[in-house]
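Heads up, the thing below is written out as structure tokens.
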Amino acid sequence: MTLTLLRMRDVAARVGYSESKVYAMIRSGDFPRGRKMPMGGVRWSSEDVEAWIRKTYAESEEAGQ
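Per the numbering used here, the sequence shown starts with residue 70, numbered consecutively.
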């Protein structure tokens, strides 16, 4: 499997929140932190983002029962 690295704008689009909302969730510990890249910038693993989406979706299904 190929590892895909995402920029913040891609992360925000994938989870359906604004960039500022994602940053707020990172600060509160509700979203995984990105990793600083050696040449600058921060990137998120697509696997980490997808895992967060699955976890959040599962929790929302449980709350709806």
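Idealized CB from N, CA, C, for every residue including glycine.
Would you kindly report the start and end of the unbroken beta strand (DSSP E) that includes residue i?
i, result
"Ser114", "111-114"
Does residue i come out as helix, strand or coil in the three-state DSSP assignment?
i, result
"Arg102", "coil"
First and last residue of the alpha helix (DSSP H) that includes residue i?
i, result
"Arg96", "88-96"
"Met77", "77-84"
Using 8 Å for Cβ pairs, my map puts residue i next to residue j. What's the rounded Cβ distance?
i, j, result
"Met91", "Met106", "A quick correction: the sequence has Val, not Met, at residue 91. With 8 Å as the limit, Val91 and Met106 do not qualify as a contact, their Cβ atoms being about 18 Å apart."
"Arg104", "Arg112", "6 Å"
"Leu75", "Arg83", "7 Å"
For residue i, which option in the options has the closest C-alpha, if you only look at C-alpha atoms?
i, options, result
"Asp117", "Ser89, Gly109, Phe100", "Phe100"
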